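Beneath this line is the structure, given in structure tokens, with notes to follow.
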Amino acid sequence: KSFILTTLGFTWVAFALGALSWWAPRFLQLAYTLHYTVISDKTKANVSLYFGIITCFAGVLGVVMGTEIARRYRKRNQRGDPIVCGVAVLVSVPFLFVALIYSKDNIILTWISIFIAETLLCSNWAIISDMLMYIIVPARRATASSMQIFILHLFVCFKQKSLSLS
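Reading the sequence shown from the start, the letters are residues -14 to 151 in my numbering.
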């Protein structure tokens, strides 16, 4: 049961991050157009570059932060890892909402909100791997890990490609 729930959660967080990485640069280019009326091709390219830089920093910070918070919270609560994962995902939602709503009026707030949301979503990566190691017996860990990655790619890659074609 824990493996299935962890895999489903991991898959949907990956889907959210994948969708964000696919659509956010275009969304931000449109936000710049609404804010500044006309933007150059250089600005469009810079939006994608800045988004990539923010994603890299958010990924590294999220993994480090998530791992440390989970490690500390696990001392107080035996089920700390899934709680940290769930709270991080839930807390990321208002930041994505702010990014969507205020993108036309406040580009800086939008960038900051996206950075915080991505950091929170990325905080799950290492925790999920750690959870997999202690819920699966050693003889089956490689199989469980490969199944988890297969399911993630099956649903995330397939769904994102089908959504982008429509």
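Just so it is clear, CB atoms sit at the ideal spot from N, CA and C, and this is done for glycine as well.
On a predicted model such as this, the values are computed, not experimentally measured, just so you know.
Legend entry - Reduced DSSP secondary structure (H/G/I, E/B, other) of VAL72: Three-state DSSP puts VAL72 in a helix.
Inset, instruction - Just the C-alpha distance for ARG61 and ILE68, rounded to the nearest angstrom, thanks. - result: Spanning the two alpha carbons is a distance of roughly 12 Å.
Legend entry - Pairwise C-alpha distance: ASP66 and TYR119: Those two C-alpha atoms are separated by around 11 Å.
Inset, instruction - Quick one: residues in its chain with C-beta nearer than 7 Å to the C-beta of PRO10, no 5 flanking neighbours on either side, listed in chain order? - result: Counting only Cβ-Cβ distances below 7 Å, and skipping sequence neighbours, we find VAL32, SER33 and PHE36.
Legend entry - When ARG64, ALA84 and ASP115 are compared against GLU103, the one with the closest alpha-carbon: For the residues ARG64, ALA84 and ASP115, the minimum Cα distance to GLU103 belongs to ALA84.
Legend entry - Pick from THR95, ARG56 and LEU106 that is closest to VAL74, judged by C-alpha positions: For the options THR95, ARG56 and LEU106, the alpha carbon positioned closest to that of VAL74 is the one of LEU106.
Inset, instruction - Go ahead and label THR22 buried or exposed: buried means 16 or more other beta carbons lie within 10 angstroms of its beta carbon, across all protein chains shown. - result: Around the C-beta of THR22, fewer than 16 other C-beta atoms lie within 10 Å, and the residue is accordingly described as exposed.
Legend entry - Uninterrupted beta strand (DSSP E) stretches inside the stretch -5 to 27 (no shorter than 3 residues): Taken in chain order, no unbroken stretch of beta strand (DSSP E) lies wholly in the stretch -5 to 27 with a span of 3 residues or more.
Inset, instruction - Check whether the Cβ atoms of PHE237 and ILE39 sit closer than 8 Å, and answer yes or no. - result: Residue 237 cannot be examined here, being either before or after the span of the chain that is shown, -14 to 151.
Legend entry - Cβ-based neighbour list, LEU19, same chain, cut-off 6 Å, excluding 5 preceding and 5 following: If we look at LEU19 and ignore the five residues flanking it on each side, its Cβ neighbours are LYS89.
Legend entry - Start and end residues, alpha helix (DSSP H) containing ALA102: Its alpha helix (DSSP H) spans residues 92 to 107.
Inset, instruction - With a 10 Å radius around its C-beta and 16 neighbouring C-beta atoms as the bar for buried, classify TRP110 as buried or exposed. - result: It counts as buried.
Inset, instruction - Give me the Cβ distance between PHE140 and THR(-4), rounded to the nearest whole Å; I'm assuming they're in contact under 8 Å. - result: Contact holds; Cβ gap of about 5 Å.
Legend entry - Alpha-carbon spacing of GLU53 relative to ILE86, whole angstroms: GLU53 and ILE86: Cα-Cα distance of roughly 31 Å.
Inset, instruction - Please state whether DSSP places ARG56 in a helix, a strand or coil. - result: Three-state result, ARG56: helix.
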